[in-house]
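J.: Its first residue numbered 22, the sequence shown is counted upward by one per residue in the numbering used here.
We put the beta carbon where it would ideally sit given N, CA and C, even for glycine.
Keep in mind the model is a prediction, meaning the values are calculated, not measured.
Handing you this structure, nothing more for now.
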Amino acid sequence: GDNVSVTAAEIVNGKIIAGKNLKVSRSLETVNGKILIGSGSEIGHDLVTVNGDITVSGTTVGGDIETNNGDIDLVSSFINGDLKIKKSNNKSWFSMGEDDLPVVSIDGSSVVRGKIHLYRKAELKIEDGAKVGEVVRHY
22 GDNVSVTAAE IVNGKIIAGK NLKVSRSLET VNGKILIGSG SEIGHDLVTV NGDITVSGTT
82 VGGDIETNNG DIDLVSSFIN GDLKIKKSNN KSWFSMGEDD LPVVSIDGSS VVRGKIHLYR
142 KAELKIEDGA KVGEVVRHY
């Protein structure tokens, strides 16, 4: 819903979908599920998912955005910390292959004050006008 305030949320098998003006004083985390945050929202610390996409629109994030096996999509958002694509530890038969790389999309009106840390190969789509820190490849 819209205009919701929470301290933090952690979910194992489920998604976090927020409307407009979400206020989170700490972090939002999922293991198997996407995170979708609507405009006018403020996240005090981090957005983290292991297996899920993270999409933020018109949002300020006080910390980092991190995923292992998901895409990151920023639209008109301000990120104070880093973006991190962590190395997948998924060794199962359905793990992501090289052809299914995570995608980091940053529109031209977004800002990432920190660095973009890639611990595995990923596709970067950074529009002109976007303000981002250094891209650091750890692989």
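Should E50 go down as buried or exposed, given a rule of 16 or more other Cβ atoms within 10 Å for buried?
T.: Buried, by the Cβ-count rule.
J.: Tell me whether D94 sits in a helix, a strand or coil according to DSSP, three-state version.
T.: DSSP places D94 in strand when its eight states are reduced to three.
J.: Let's test the definition: count the other Cβ atoms within 10 Å of the Cβ of T28 and tell me whether it reaches 16, buried, or not, exposed.
T.: It counts as exposed.
J.: Taking C-beta to C-beta, are I106 and Y140 nearer than 8 Å?
T.: It is a contact, given that the beta carbons lie within the stated cut-off.
J.: Decide if S26 is buried, meaning its Cβ has at least 16 other Cβ atoms within 10 Å, or exposed.
T.: When all chains shown are included, S26 counts as exposed.
J.: Where does the unbroken beta strand (DSSP E) through V156 begin, and where does it stop?
T.: Counting along the chain, the beta strand (DSSP E) containing V156 begins and ends at V156 to R158.
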